[in-house]
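Residue numbers (my numbering): 42 to 321.
Beta carbons are placed, not taken as given, at the ideal position from N, Cα and C, and that holds for glycine.
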């Protein structure tokens, strides 16, 4: 039996769609919605029943929170998996070039915890930043300007759809991927000028200080401010452009072409603009 966590999130919902109707798959949600098992990492008492009869766990990172919160969630999940007799954990981590990001620590802790387990086999999917995430940090403003402080840096962004396909492929045949770490970054690195040109916008990057102030003023919770600032900085200073990272994405997609990250970005921006216009 395969248990998939995090199916209410963007990546998890894509995975759930791909596994719909399979009798050997169960889905875990915090609310225990119809057709799912209640699985709340912040309520460890829900975990034994959620993990009962599970052979493989697809642990989609519960990374929304401060480091101590995320580490506690993942630690509770892995301890419960060990006690329940789960044999293999597939974990969606962060790409290896992401160690300068403030949210890397919880991912690396979880990887270390998996490696130290006496009973669990594991596979680590080191996901690059989503192409769709660029719509959060580099969408044009009302004046058609992209002002996110990406500098001259570039991001080896990857389509969320591709990462969902990889997660399903690995989690449904985990033995072939036992104790492997896969880097899953895009093959084409995108810069601010590329994003602007594709949208007919202007690239006018601001400063990190301006971006930090804007995020803080937006109503973001405290941990999100350094999270987004570190993302801008890591891209701007050339740490997330895929240089030196040998991506396993194409191989795990069975050789098919990865989706074009720039096209994914443009479609996501256009969809957001259309929904905004409809709401207006």
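Collapsing the DSSP output to three states places residue 278 in coil. The C-beta distance from residue 66 to residue 74 rounds to 15 angstroms, too long to meet the 8 angstroms contact threshold. In this structure, the CA atom of residue 307 is about 9 angstroms from the CA atom of residue 172.
In this structure, DSSP gives residue 106 a state outside helix and strand, which the three-state scheme calls coil. Secondary structure note for residue 218: it is in no alpha helix (DSSP H), with a DSSP letter that is neither H nor E. Relative to the Cα of residue 249, the nearest Cα in the group 56, 269, 55, 126 belongs to 269. Put simply, of 106, 194, 164 the residue whose alpha carbon is nearest the alpha carbon of residue 211 is 164. With contacts defined by Cβ atoms closer than 8 angstroms, residue 313 and residue 180 form a contacting pair.
Residue pairing for residue 162: DSSP places it in a beta bridge opposite 129. Nearest in C-alpha terms to residue 103, of all of 70, 203, 187, is 70.
Residue 235 sits buried, since 16 or more C-beta atoms from the chains shown fall within 10 Å of its C-beta. By the C-beta density criterion, residue 246 is buried, having at least 16 other C-beta atoms within 10 angstroms. Here residue 199 is bridged, per DSSP, to 171. Burial state of residue 140 is exposed, judged by a 10 Å Cβ sphere holding fewer than 16 other Cβ atoms. Listed in chain order, the non-local C-beta contacts of residue 208 below 8 angstroms within the same chain comprise 52, 56, 99, 101, 131, 133, 166, local neighbours out to five positions each way being set aside. With respect to residue 42, residue 94 sits close: the two C-beta atoms are nearer than 8 angstroms.
Leaving aside the five residues that flank residue 228 on each side, the residues in its chain whose CB is nearer than 8 angstroms to its CB run, in chain order, 197, 283, 288, 290, 291, 299. The continuous alpha helix (DSSP H) containing residue 236 extends over residues 233 to 240.
The Cβ neighbour count for residue 190, taken over all protein chains shown within 10 Å, is at least 16; the residue is labelled buried. Each residue's CA atom was taken as its position, placing residue 243 and residue 186 some 5 angstroms apart. DSSP places residue 144 outside both helix and strand once states are collapsed to three, so it counts as coil. Within the same chain, Cβ atoms closer than 6 angstroms to the Cβ of residue 188 are found at 245, 247, the five residues on either side in sequence being excluded.
Cβ-Cβ distances below 7 angstroms link residue 203 to 290, 294, 299, 300 in the same chain, with the five nearest sequence neighbours on each side left out; the list follows chain order.
For residue 67, no alpha helix (DSSP H) run applies; the uninterrupted beta strand (DSSP E) run containing it begins and ends at 66 to 70, by DSSP. Residue 79 and residue 233 have their C-alpha atoms roughly 42 angstroms apart. In the same chain as residue 123, and ignoring 5 residues on each side of it, the C-beta atoms closer than 7 angstroms to its own belong to 158, 160, 161, in chain order. When DSSP states are grouped into helix, strand and coil, residue 224 belongs to the strand group. Annotated three-state conformation of residue 45 is strand, per DSSP. Where residue 98 is concerned, the enclosing beta strand (DSSP E) starts and stops at 97 to 101. According to the DSSP assignment, residue 53 belongs to the alpha helix (DSSP H) that extends over 51 to 60.
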